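S.K.: Take a look at the following structure, please.
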Amino acid sequence: MFIRRLAETDGEVGSRPPVRRLGFWNVDLLILGWVALVLVTVGLAHARIDRAADILREHATYAVGYVAMVRVLARVRASEFAGAVARFGAIVVLLFVTFLKLGHVIRGLNPETRELDLLAADRWWFRADPILALEPWLHPVAVDFFEVAYFSYFVTPLVVMAVLIVRKDVATMNRLYLGVLTAIFVSYVGYILVPARSPYLAAEDPALAWAFPYAGGVRGWVIGDWIRATIESWDTVELDAFPSGHSAVAVVFLVLLWRCPGLRWFVIPSYLALIVSTVYLRYHFVVDVGAGVVLGAASAWLASRLSDASPESVPRVPQPPAPRPSPSEGMR
297 MFIRRLAETD GEVGSRPPVR RLGFWNVDLL ILGWVALVLV TVGLAHARID RAADILREHA
357 TYAVGYVAMV RVLARVRASE FAGAVARFGA IVVLLFVTFL KLGHVIRGLN PETRELDLLA
417 ADRWWFRADP ILALEPWLHP VAVDFFEVAY FSYFVTPLVV MAVLIVRKDV ATMNRLYLGV
477 LTAIFVSYVG YILVPARSPY LAAEDPALAW AFPYAGGVRG WVIGDWIRAT IESWDTVELD
537 AFPSGHSAVA VVFLVLLWRC PGLRWFVIPS YLALIVSTVY LRYHFVVDVG AGVVLGAASA
597 WLASRLSDAS PESVPRVPQP PAPRPSPSEG MR
């Protein structure tokens, strides 16, 4: 019903918000708002943040380029589909720009880590350490399976977007942009407010080893160790445990693709296994995953209500023909 109402009201140009008439979608405002937040935060605390000048320059350059892209799309009257595809590429660039420098921001703003607090929350919740309780169930074959599931975080969105692009499903693409970016941006803020390493990394710290008395590491059979090493080489942040961004994004996809034929059955097993893998493989505390699930659900809910819709991106609901006047009425 919500999408139908949008399709009925967004068809007239005069009914669109002024920002939309300038070529900006809601996701553009979210992206530019995030970049502005980064610029203000890093600018005010530049003396405490390593490579602050690089962060400011890269995000300012991105903002200028993004606004230029949106205005060009509007000036050439690009289709909704072309705009959605262009925004997908720009979003990927932004995630790289922010994530690669996020570690510097976290360490500059809040250098005290909170692994012991998250562990205490898990123990309070379960009356025991759930990750330690899973240790007898670690098996190399299972580790391989769940490492692949965890790695699907990087692969599944690309497959989903490829399918949506082939289908030219702009409405679903736009909802995913809003939901995923909201979840990711809020999780980045969480990393700053509650900086913490993964349990397996905390266990390798001699100062914290007493709190994480694991008998051994998480070892795979064929491919698991390689996947873990690859993920570690990509992770320049480390202090990104709370909330679980993997779980948040997984829930966004699960909720927003629930009614999409075919894609639903692709993401359900992939992302449910991913959520389990975050704890089984010691990438996250359980409280991280709980917070991520709540964040993902809230982000999907907001995306479903704030996403743009237009006659081109949402099929118009057929309207019954207007009744024709009778001859007698026409003679009056």
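My numbering numbers the first residue of the sequence shown as 297 and each following residue consecutively.
From the three backbone atoms N, C-alpha and C, an ideal C-beta is built for every residue, glycine too.
All of these numbers come straight from a predicted model, not from anything done at the bench.
1. Please report how far the alpha carbon of I571 lies from the alpha carbon of A349, in whole angstroms.
2. Could you check how far apart the C-beta atoms of G512 and A544 are, in whole angstroms? I think they sit under 8 Å.
3. Quick check on the DSSP output: the alpha helix (DSSP H) that includes P502 runs from which residue to which?
4. Restricting to Cα atoms, I'd like to know which of R524, V547 and V456 is closest to A596.
5. Got a sec, what are the start and stop residues for the alpha helix (DSSP H) R419 sits in?
6. Quick check on the DSSP output: the alpha helix (DSSP H) that includes E443 runs from which residue to which?
7. Go ahead and pull the three-state DSSP assignment for W594.
8. By how many angstroms is the C-alpha of G516 removed from the C-alpha of P502?
9. For the candidate residues F447, L398, L550 and V462, whose alpha-carbon lies nearest to that of L352?
10. Beta-carbon separation of F581 and P495 under 8 Å?
11. If you reduce the DSSP assignment to three classes, tell me which class E534 lands in.
12. Using a Cβ-Cβ cut-off of 7 Å (strictly less than) and excluding sequence neighbours within five positions of V518, which residues of its own chain qualify?
13. Does the region 529 to 544 come into contact with the region 393 to 410, if we say contact requires no fewer than three beta-carbon pairs (one atom in each stretch) closer than 8 Å?
14. Could you tell me which of Y446, Y567 and R419 sits nearest to T526, measuring between CA atoms?
15. Taking the alpha helix (DSSP H) that N406 falls in, what are its first and last residues?
16. Figure out for me which residue from G329, V485 and E443 has the closest Cα to the Cα of E528.
17. In three-state DSSP terms, what is W321?
18. Taking the C-alpha atoms as reference points, what is the distance between S606 and A424?
19. Using a threshold of 8 Å, state whether the C-beta atoms of L414 and V575 are closer than that.
20. Please go through the same chain and pick out, in chain order, the residues whose beta-carbon is closer than 6 Å to the beta-carbon of I523, but skip the five residues on each side of it.
21. Whole angstroms are fine: how far does the CA of G541 sit from the CA of V585?
22. Kindly indicate the opening and closing residues of the alpha helix (DSSP H) around F481.
23. Let's test the definition: count the other Cβ atoms within 10 Å of the Cβ of E411 and tell me whether it reaches 16, buried, or not, exposed.
M.R.: On the basis of the data shown:
1. Along the sequence shown, read from residue 1 onward, the residue named residue 571 stands at position 275. Along the sequence shown, read from residue 1 onward, the residue named residue 349 stands at position 53. It is roughly 36 Å from the alpha-carbon of I571 to the alpha-carbon of A349.
2. Taking the sequence shown and counting its residues from 1, the one referred to as residue 512 is at position 216. Taking the sequence shown and counting its residues from 1, the one referred to as residue 544 is at position 248. Rounded, the Cβ-Cβ distance is 30 Å, inconsistent with contact.
3. Along the sequence shown, read from residue 1 onward, the residue named residue 502 stands at position 206. Element bounds for P502: n/a, residue is neither H nor E.
4. Locating residue 596 in the sequence shown gives position 300, where the first residue counts as 1. The shortest CA-to-CA distance from A596 to any of R524, V547 and V456 is the one to V547.
5. Position 123 of the sequence shown holds residue 419. Its alpha helix (DSSP H) spans residues E411 to F422.
6. The residue you call residue 443 lines up with position 147 of the sequence shown. P436 to R463 is the extent of the alpha helix (DSSP H) around E443.
7. For the purposes of this step, residue 594 is taken as the residue at position 298 of the sequence shown. Rather than Trp, the amino acid found at residue 594 in this sequence is Ala. Three-state result, A594: helix.
8. By one-based count along the sequence shown, residue 502 stands at place 206. By one-based count along the sequence shown, residue 516 stands at place 220. So the alpha carbons of these two residues sit roughly 24 Å apart.
9. Residue mapping note: residue 352 aligns to position 56 of the sequence shown, counting from 1. It is L398 whose Cα lies nearest to the Cα of L352.
10. Translated into positions along the sequence shown, residue 581 becomes position 285. Translated into positions along the sequence shown, residue 495 becomes position 199. Cβ distance < 8 Å, so F581 and P495 count as in contact.
11. Locating residue 534 in the sequence shown gives position 238, counting from the first residue. In this structure, E534 counts as coil in the three-state DSSP scheme.
12. By 1-based counting over the sequence shown, the position of residue 518 is 222. The beta carbon of V518 is closer than 7 Å to those of D440 in its chain, skipping five residues each way along the sequence.
13. The answer is yes - the region 393 to 410 touches the region 529 to 544, with three or more Cβ pairs under 8 Å.
14. Your numbering for residue 526 matches position 230 in the sequence shown. Ranked by Cα distance from T526, the first of Y446, Y567 and R419 is Y446.
15. In the sequence shown, counting from the first residue as 1, residue 406 sits at position 110. Counting along the chain, N406 falls outside any alpha helix (DSSP H), and DSSP gives it neither H nor E.
16. Taking the first residue of the sequence shown as position 1, residue 528 is located at position 232. Minimum Cα distance to E528 is reached at E443.
17. Taking the first residue of the sequence shown as 1, we reach residue 321 at position 25. Note: W321 maps to coil in three-state DSSP.
18. Stepping through the sequence shown from its first residue, residue 606 is reached at position 310. Stepping through the sequence shown from its first residue, residue 424 is reached at position 128. Any reading at S606 must be qualified, since the residue scores a pLDDT of 46, below 50, and its modelled position is unreliable; the value itself is stated next. Taking the straight line joining both Cα atoms gives about 51 Å.
19. Working through the sequence shown from its first residue, we reach residue 414 at position 118. Working through the sequence shown from its first residue, we reach residue 575 at position 279. Result no, Cβ atoms of L414 and V575 do not sit closer than 8 Å.
20. Residue numbering aside, residue 523 sits at position 227 when the sequence shown is read from its first letter. Correct list, in chain order: E443 and F447.
21. As a first step, residue 585 is located in the sequence shown; it is residue number 289 there, counting from the start. As a first step, residue 541 is located in the sequence shown; it is residue number 245 there, counting from the start. Near 8 Å, if we compare the C-alpha coordinates of G541 and V585.
22. Counting from 1 along the sequence shown, the entry for residue 481 is found at position 185. For F481, the enclosing alpha helix (DSSP H) covers residues V466 to L489.
23. The sequence position of residue 411 within the sequence shown is 115, counting from 1. Counting the other CB atoms within 10 Å of its CB gives E411 a total of 16 or more, which places it among the buried residues.
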